[in-house]
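Rendered as structure tokens:
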């Protein structure tokens, strides 16, 4: 049951009026709450208090399986294991046929097929997805590969949908692609790129869908839902009588107001000079930047070392840093501490690190941007970049309420972070005008 401010039953708790609302029939709920706002606690409470519902809980990493199993002992969550022929997916099918609650990962969710869809629908399952799922991928087939397959009669492309027509094909080179095409999960875009495109029938098979995330409006999953006419409602989390609860009214978490005083961004013209241009430290910039002792990559490496040792004055155990993989080996230096992938999320592994070097400038993949815009979606590159940066920063000690120090040499990324902190300090919800 959702707690609401706008319905029929009013209860009085310590001078606060809280209204209760019966379950709304809308099927998909986006719990859009900033990190540290109690999303996980609220959804665990909801699952524990819903014995009449069956759940599949999906998280980015397998460590989260154990946490859900432990937190929901009374619900009997089980993690699929590769003991059956066919691996984890086959074991998942066994568990779903038995009607048990399941805790699993994005990686396994990626492999769901028509049999999974039928079992989910027949079992009356609800989905809880921790962090937005990657619903599209660019497959590594070149234009010449595609032309070769068409010429050989292996595939046909019509209205961007790829159909497998090579029934006599017995080779192994295109076997994975054949499975995707035969399952109807394969699309092309401008006859140049093949996209693994997640079947919307999976989401539609669930009785209910809960997505736990932050800044949903800037994520590819939002555009995917819009394209596939998957209606959704926003939800937030409020702390009521000491417990986090899912609500249907906007809430700014209490800890958000003080983040501006806890996240200390380096303001140093000398160390930040390398990031003055809009595209500095983007993925393409890293790939093309000259190497060598006087080049910009060497400059970044020197700046990070200078920041850690002389400005932040931190030891390797206290620090973490990120760059694109194309620049990692050239940037990495002594005393840099832990390297963290720039798109890391939903992990507590780095919660003791209080100093960060964030030397990337994030832009969404231009092929995905073109793909979604071809459907009329307004892709916001700055919003996407900010959401990725916040997720990385929240892997650090800030999640424990501690002060952190951040080096963000990209002028663009530093500006986005500063503006976000200013708006939170004013009590604004992300995206509020």
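Numbering (the working numbering), first residue to last: 42 to 474.
Glycine included, each C-beta is placed from N, C-alpha and C at the ideal position.
These figures come from a predicted structure and were not determined experimentally.
Whole-angstrom C-beta distance between residue j and residue i, which should lie under 8 Å
i, j, result
"residue 203", "residue 227", "4 Å"
"residue 76", "residue 461", "Not a contact, Cβ separation roughly 12 Å."
"residue 5", "residue 380", "Outside the displayed span of the chain (42 to 474) sits residue 5, for which this structure offers no information."
"residue 386", "residue 441", "Incorrect: roughly 17 Å between the Cβ atoms, too far for contact."
"residue 236", "residue 177", "5 Å"
"residue 224", "residue 154", "6 Å"
"residue 222", "residue 196", "6 Å"
"residue 418", "residue 290", "Between residue 290 and residue 418 the Cβ distance is about 27 Å, and since that is not below 8 Å, they are no contact."
"residue 69", "residue 271", "6 Å"
"residue 371", "residue 345", "About 12 Å; that fails the 8 Å criterion."
Buried or exposed by the 16-neighbour rule on C-beta atoms within 10 Å, applied to residue i
i, result
"residue 220", "exposed"
"residue 114", "exposed"
"residue 73", "buried"
"residue 331", "exposed"
"residue 294", "buried"
"residue 107", "exposed"
"residue 123", "exposed"
"residue 152", "exposed"
"residue 87", "buried"
"residue 214", "exposed"
"residue 66", "Unreliable placement is indicated for residue 66, whose pLDDT of 37 sits below 50; the coordinate value is still reported in the next sentence. It is exposed - the Cβ of residue 66 has fewer than 16 other Cβ atoms within 10 Å."
"residue 145", "buried"
"residue 298", "exposed"
"residue 121", "buried"
"residue 103", "exposed"
"residue 363", "buried"
"residue 78", "buried"
"residue 238", "buried"
"residue 389", "exposed"
"residue 438", "buried"
"residue 444", "exposed"
"residue 233", "exposed"
"residue 105", "buried"
"residue 139", "exposed"
"residue 216", "exposed"
"residue 285", "buried"
"residue 93", "exposed"
"residue 310", "exposed"
"residue 231", "exposed"
"residue 116", "buried"
"residue 246", "buried"
"residue 83", "buried"
"residue 456", "exposed"
First through last residue of the alpha helix (DSSP H) which encompasses residue i
i, result
"residue 264", "261-268"
"residue 133", "128-139"
"residue 325", "324-329"
"residue 244", "241-246"
"residue 82", "80-89"
"residue 220", "216-223"
"residue 104", "104-112"
Host beta strand (DSSP E) of residue i (start-end)
i, result
"residue 8", "One cannot answer for residue 8 here, as it falls past the ends of the chain, which runs 42 to 474."
"residue 95", "95-100"
"residue 73", "69-73"
"residue 281", "274-281"
"residue 144", "143-146"
"residue 286", "284-288"
"residue 252", "249-254"
"residue 229", "227-230"
"residue 234", "234-238"
Residue i CB to nearest heavy atom of the ligand ZN below 7 Å
i, result
"residue 246", "You won't find the ligand ZN in this model; it holds no ligand whatsoever."
8 Å Cβ cutoff, residue i in contact with chain D
i, result
"residue 85", "Looking at the structure shown, chain D is missing, and only one protein chain is on hand."
Length-filtered (4 minimum) alpha helix (DSSP H) runs lying within the stretch 149-201: Entirely contained in the stretch 149-201, the alpha helix (DSSP H) runs reaching 4 residues are, in chain order, 155-164, 184-192.
Contact between the stretch 262-282 and the stretch 188-203 (3+ Cβ pairs under 8 Å): Contact fails: fewer than three Cβ-Cβ distances are below 8 Å.
- request: Evaluate the contact criterion for the stretch 359-372 versus the stretch 408-421: three or more CB pairs, one atom per stretch, below 8 Å.
  value: Contact between the stretch 359-372 and the stretch 408-421 is absent, because fewer than three Cβ pairs lie under 8 Å.
- prompt: If you pair each beta-carbon of the stretch 206-221 with each one of the stretch 128-138, do three or more pairs fall below 8 Å?
  reply: No, the stretch 206-221 does not touch the stretch 128-138.
- prompt: Which runs of the alpha helix (DSSP H), 4 residues or longer, sit entirely within the stretch 387-470?
  reply: With a minimum length of 4 residues, the continuous alpha helix (DSSP H) runs that stay inside the stretch 387-470 are 407-414, 422-434, 452-466.
- request: Tell me the start and end of each unbroken beta strand (DSSP E) in the stretch 343-386 that is at least 3 residues and wholly inside, in chain order.
  value: Within the stretch 343-386, the complete beta strand (DSSP E) runs of at least 3 residues are 360-363.
task: Evaluate the contact criterion for the stretch 167-175 versus the stretch 253-265: three or more CB pairs, one atom per stretch, below 8 Å.
output: Judged by Cβ distances under 8 Å, the stretch 167-175 makes contact with the stretch 253-265, as three or more pairs qualify.
query: Does the count of Cβ pairs from the stretch 315-324 and the stretch 451-458 closer than 8 Å reach three?
result: In short, these stretches touch, since the Cβ pair count reaches three.
query: Of all the alpha helix (DSSP H) runs that stay within the bounds of the stretch 298-326, which reach a length of 4 or more residues?
result: You should have 300-303, 310-313.
- request: Decide yes or no for the touch test of the stretch 322-330 against the stretch 389-404: beta carbon pairs closer than 8 Å, at least 3 of them.
  value: By the Cβ criterion, the stretch 322-330 is in contact with the stretch 389-404, since at least three pairs of Cβ atoms, one from each stretch, lie closer than 8 Å.
- prompt: If you pair each beta-carbon of the stretch 389-398 with each one of the stretch 354-363, do three or more pairs fall below 8 Å?
  reply: Yes, the stretch 389-398 is in contact with the stretch 354-363.
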